[in-house]
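Participant: Protein chains in written order, with my numbering: chain P, 38 to 225; chain H, 1426 to 1654.
Backbone N, C-alpha and C fix where the C-beta goes; we use that ideal spot for every residue, glycine too.
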């Protein structure tokens, strides 16, 4: 009988949970971007209130950032390049959270500007929500396996050697020559 | 021979993890750990071949199980899609192209680099000179920052003229002021030059003596000049 911790671990590492989170996070980012794309000047004002992005780059960020959010959102929902999309989303969330924390310490009287022009004031609650979304993107990055149009392949170079070794061990000719019985595969 | 190969293969399987494998051991009777030199080992093995066989089988089975688990884990990991810089380039590149094209044809589009309004503004004013004028009370101080920042802190007696609602606030507060009266505008951050934009709008409305406070509110506060509330 499986313990509760292994059951929870199984759920957290599940590719089906990744699929659900992909759709959820994707929808959030698409919704957020759709409010920013039509009027970049308003979004630029919101970013300017944070007093972090330099003056010269402010407009460029205000123009490009919502589109990257939109494309990442679509990619996550459709299952295209999900690991890259999730890591970009995660990076953006980390950046937003960092900016919010800085301005909380500065005691800035600004709104978040995350979803609409007025928005809720920045607070630790916003930081907590962003952190949860960040964890969701990490889950997607690590465990997402339901995807389309991928080239397939390996994750880390180090593990390529393991894979090659296992393939060799699996090959019937090697097993026959070595007199090794077939490996029984056990999945939990 | 087969058994030996099996053990060797299983040991190789176990090394896949790259970590030391530990297992609990139990003895049936009181036992003492002794160190056997290499040349003693072979005769002992020969004498106790049955025991060696059974231990070998046990170890072999155990290691095969570890190998199978590793294999499954490896399957799980290797099924992940490959992650390369091409993916990032694709997403960011697509985003940049779409953003620039859309901004070009969007009637609410903004310039990629913020425009400078300085050419319309007369000059900058040092905080110390500005403070002298503030004391005389003949100069109008205008806070160009968003209203929430004005509410939090502003130069004593300054009027709020935020950029976002400039027309409304201008009509409310200084539309009827003498056009030749000196106005000092402040409000500049690393991200936005509110002062320049408001000053240029004031100049455009016919105010002849508009200046910008050098260093904005920070420079003013550094010299301990009066702020409120």
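How about residue 1552 of chain H and residue 1627 of chain H: are their beta carbons less than 8 Å apart?
Facilitator: Contact: no.
Participant: What does DSSP give as the partner residue(s) for residue 53 of chain P in the beta ladder?
Facilitator: DSSP lists no partner for residue 53 of chain P.
Participant: Identify the contact partners of residue 92 of chain P in chain H, using a Cβ-Cβ distance below 7 Å as the criterion.
Facilitator: Going along chain H in sequence order, the residues near residue 92 of chain P (Cβ under 7 Å) are 1539, 1615, 1616, 1617, 1618.
Participant: Could you check where the beta strand (DSSP E) with residue 1532 of chain H kicks off and where it finishes?
Facilitator: No beta strand (DSSP E) contains residue 1532 of chain H, which DSSP labels as neither H nor E.
Participant: Closer than 9 Å between beta carbons: that is the criterion. Which residues of the segment 91 to 114 of chain P meet it against chain H?
Facilitator: The residues in question are 91, 92, 93, 94, 95, 96, 97, 99, 100, 101, 102, 103, 104, 105, 106, 107, 108, 109, 112.
Participant: With a cut-off of 8 Å, does the C-beta of residue 157 of chain P fall near any C-beta of chain H?
Facilitator: No, its Cβ sits nowhere closer than 8 Å to a Cβ of chain H.
Participant: Quick one: any contact between the segment 1610 to 1625 of chain H and the segment 1569 to 1588 of chain H, if contact means 3 or more CB pairs under 8 Å?
Facilitator: A contact exists between the segment 1610 to 1625 of chain H and the segment 1569 to 1588 of chain H.
Participant: Give the straight-line distance between the Cα atoms of residue 1565 of chain H and residue 93 of chain P, rounded to the nearest whole angstrom.
Facilitator: Whole-angstrom Cα-Cα distance: 30 Å.
Participant: For the alpha helix (DSSP H) containing residue 1625 of chain H, list its first residue and its last residue.
Facilitator: Counting along the chain, the alpha helix (DSSP H) containing residue 1625 of chain H begins and ends at 1619 to 1629.
Participant: Which residues in the same chain have their Cβ closer than 6 Å to the Cβ of residue 80 of chain P, if we skip the five residues on either side of it in sequence?
Facilitator: Excluding positions up to five away in sequence, the list reads 73, 99.
Participant: Listed in chain order, which residues of the segment 120 to 141 of chain P have Cβ atoms closer than 9 Å to some Cβ of chain H?
Facilitator: Going along the segment 120 to 141 of chain P in chain order, one finds 120, 121, 122, 124, 125 with a Cβ nearer than 9 Å to chain H.
Participant: Within a Cβ cutoff of 6 Å, which residues of the same chain sit near residue 1549 of chain H, ignoring the five residues on either side of it in sequence?
Facilitator: Here the set comprises 1637, 1639.
Participant: Nearest-angstrom Cα distance between residue 1535 of chain H and residue 1526 of chain H?
Facilitator: If I take the Cα positions, the gap works out to 12 Å.
Participant: Taking three-plus beta-carbon pairs below 8 Å as touching, is the segment 56 to 74 of chain P in contact with the segment 1505 to 1520 of chain H?
Facilitator: Output reads no: the segment 1505 to 1520 of chain H does not touch the segment 56 to 74 of chain P.
Participant: Assess, as a yes-or-no matter, whether the segment 167 to 187 of chain P is touched by the segment 47 to 54 of chain P under the definition of 3 or more beta carbon pairs within less than 8 Å.
Facilitator: Yes, they touch.
Participant: Less than 8 Å between CB atoms is the rule here; does residue 1536 of chain H satisfy it with respect to chain P?
Facilitator: Closer than 8 Å to some Cβ of chain P, the Cβ of residue 1536 of chain H qualifies, so yes.
Participant: Where residue 1515 of chain H and residue 109 of chain P are concerned, what is the direct C-alpha to C-alpha distance, given to the nearest angstrom?
Facilitator: Near 11 Å, if we compare the C-alpha coordinates of residue 109 of chain P and residue 1515 of chain H.
Participant: CB-CB under 6 Å to residue 1624 of chain H, same chain, minus the five flanking residues each way: which ones, in chain order?
Facilitator: Cβ within range, chain order: 1546, 1610, 1635, 1637.
Participant: Among P/129, P/112, P/160, whose alpha-carbon lies nearest the alpha-carbon of residue 142 of chain P?
Facilitator: It is P/160 whose Cα lies nearest to the Cα of residue 142 of chain P.
Participant: Let's test the definition: count the other Cβ atoms within 10 Å of the Cβ of residue 1592 of chain H and tell me whether it reaches 16, buried, or not, exposed.
Facilitator: Residue 1592 of chain H should be labelled exposed.
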